[in-house]
Amino acid sequence: MSLDTSLVNGNKELIIYMAERFDFDKVQKFRDAYLSASNDVKTIVVDLSSTEYMDSSALGMLLNMQKTMVDKVSTFKITNCRPQVAKILKISRFDKKFEMS
């Protein structure tokens, strides 16, 4: 699985399920996933339950998503992080920019 998406809560929430590796190879697919969201989407959730590795480009992709979608989407969440991924996100202070659970 590269990445997958689903719409929930009456198409108001877009969930992006990332693969085992969240790195530069996913740039275009990740961008396409959130840019294809309808105007009904108010929350974007990036589910990292399968992600065991992420690099600095993944951090950049998350920031670009937020910057690009901030006028359309009110809430950005990162969920289901494995411990090593959660550590990277907290060191990078992403817990201050995204809701994390």
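Numbering (the working numbering), first residue to last: 140 to 240. Note that beta-carbon positions come from the ideal geometry of N, C-alpha and C, so glycine has one too. Small disclaimer: the values here were computed from a predicted structure and weren't measured.
Sequence-distant residues of the same chain with beta carbon closer than 8 Å to residue i, five excluded per side
{"i": "V180", "result": "L146, N150, K151, E152, L153, K211 and V212"}
6 Å Cβ shell around residue i - same chain, five flanking residues per side excluded
{"i": "Y192", "result": "R160"}
Inter-residue spacing [alpha-carbon to alpha-carbon] between residue i and residue j
{"i": "S177", "j": "I227", "result": "30 Å"}
{"i": "N148", "j": "I183", "result": "12 Å"}
{"i": "S188", "j": "L201", "result": "16 Å"}
{"i": "M239", "j": "T218", "result": "6 Å"}
Supposed close pair residue i, residue j - CB separation, criterion 8 Å
{"i": "Y156", "j": "D186", "result": "5 Å"}
Classification of residue i by the beta-carbon crowding that lies within 10 angstroms, buried from 16 upward
{"i": "F163", "result": "exposed"}
{"i": "K235", "result": "exposed"}
Residue i: CB within 6 Å of a non-hydrogen atom of the ligand SAM
{"i": "M200", "result": "Summarising the ligand content, the structure contains no ligands, and the ligand SAM is consequently not present."}
Proximity test, Cβ basis, 7 Å: residue i and chain E
{"i": "L174", "result": "Structure shown: chain E not included; a single protein chain is present."}
Secondary structure, alpha helix (DSSP H): runs of 4+ residues fully inside the region 140-205: 166-174
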